[in-house]
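Residue numbers (mature numbering (1 follows the signal peptide of the UniProt record, and there is no 0)): -18 to -1, 1 to 121.
Glycine included, C-beta positions come from ideal geometry on N, C-alpha and C.
Nothing here was measured: the structure is a model prediction, and the numbers come from that model.
Here is the structure we will look at, set down as structure tokens.
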């Protein structure tokens, strides 16, 4: 009887104090050669991402420098593998200066594309309206 009570209490404590699932860390390295077609730029950047599957919340910090001019827009595009283009999937607001931080709640399809490596970060400029630097999101 005491063993059963102890086991029940131990199980209850384990459930009560279980740590929540941690956010999945993802990243992207942005450059002109990853654009399709490639751009000639000295611009580079990084994106550090956290994805919480329980809430479907994607949070990001995108940093960039060396662009041909001010950034005019930034987005997550997809679904597309590296070397292919796709439309805007998720806007990155206020991306005209670096760094830019933000978050969005993803749809099921966007979450699946994110985790499958089918989203990329794209920074646009006036000289390169289709995108000056780009990086595929990876784990």
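- Rounded to the nearest angstrom, the Cβ distance from residue 42 to residue 69 is 19 Å, too far for a contact under 8 Å.
- Taken in chain order, the unbroken stretches of beta strand (DSSP E) that lie wholly in the region 27 to 59 and span 3 residues or more are 39 to 47, 53 to 59.
- Here residue 10 is not near residue 82, since their CB atoms are 9 Å or more apart.
- Leaving aside the five residues that flank residue 67 on each side, the residues in its chain whose CB is nearer than 6 Å to its CB run, in chain order, 18.
- Around the beta carbon of residue 16, a 10 Å sphere encloses 16 or more other beta carbons of the protein chains shown; the residue is thus reported as buried.
- Per DSSP, residue 109 lies in no alpha helix (DSSP H) and is assigned neither H nor E.
- In this structure, DSSP gives residue 10 an extended state, which the three-state scheme calls strand.
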